[in-house]
Amino acid sequence: MQVRSLVSTTKLQVNYGDAIALSNLTMEIPRGSSLAVIGPKGSGKSTLLGVLAGTIKASSGVATVADRMPALVLQSTDVDRSLPITVRETVSLARYSTLGVFPAFHFRRSGSH
3 MQVRSLVSTT
13 KLQVNYGDAI
23 ALSNLTMEIP
33 RGSSLAVIGP
43 KGSGKSTLLG
53 VLAGTIKASS
63 GVATVADRMP
73 ALVLQSTDVD
83 RSLPITVRET
93 VSLARYSTLG
103 VFPAFHFRRS
113 GSH
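Take any residue in the sequence shown, note its place counting from 1, add 2, and you have its number in the working numbering.
Written out as structure tokens, the structure reads:
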């Protein structure tokens, strides 16, 4: 499935009590493009980014990131000290998807000697 746009909002509004932080914001940011969010203090920049990150709930309208509703998943900051794995091993876990279980074999097959 091809994602049409990376970020889109439709009639997005965010209120803080009686104060309107964002009003009727409709936009689409195509995949691969860059965007700078600039404006004076209190203009809603952080509110917009908070909605897109899923940390601020919109009062009305819709915001999507990669065709999904933004969501926040809280992560535990506590580490189980009895976990038998080093930091190096944890970081190297990310390489399994590229290198596989036997990285030396992967490099030999790809032509690197």
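Cβ coordinates follow ideal geometry from the N, Cα and C atoms, glycine included.
Let me confirm a value: residue i is counted as buried when at least 16 other C-beta atoms fall within 10 Å, else exposed. Which label applies?
i	result
serine 112	With a pLDDT of 49 at serine 112, under the threshold of 50, the modelled position of that residue is not reliable, and no figure is offered here.
alanine 96	exposed
aspartate 20	exposed
alanine 38	exposed
If the criterion is Cβ atoms closer than 9 angstroms, does the pair residue i and residue j meet it?
i	j	result
serine 7	isoleucine 31	yes
serine 45	asparagine 17	no
So the candidates are the options; which of them puts its Cα closest to the Cα of residue i?
i	options	result
valine 9	Lys59, Arg83, Val67	Val67
leucine 24	Asp69, Ala38, Val89, Leu54	Leu54
methionine 71	Leu85, Arg83, Gly52, Thr88	Gly52
arginine 33	Asp69, Lys59, Ile58	Asp69
So residue i is in the alpha helix (DSSP H); what residue range does that whole segment cover?
i	result
glycine 52	47-55
Between which residues of its own chain and residue i is the CB-CB distance below 6 angstroms, once the five residues before and five after are set aside?
i	result
leucine 27	Thr11, Leu14
Just curious, the beta strand (DSSP E) that residue i is in, first and last residue?
i	result
threonine 88	Looking at the DSSP string, threonine 88 is not in any beta strand (DSSP E), and its letter there is neither H nor E.
Leaving aside the five residues before and after residue i along the sequence, list all residues of the same chain whose C-beta is less than 7 angstroms from its C-beta, in chain order.
i	result
alanine 83	Looking at the sequence shown, residue 83 is not alanine but arginine. Closer than 7 angstroms at the Cβ level, and outside the excluded window around arginine 83, lies no residue.
Near residue i, which residues of its chain fall below 8 angstroms by C-beta distance, leaving aside the five closest residues on each side in sequence?
i	result
isoleucine 40	Lys47
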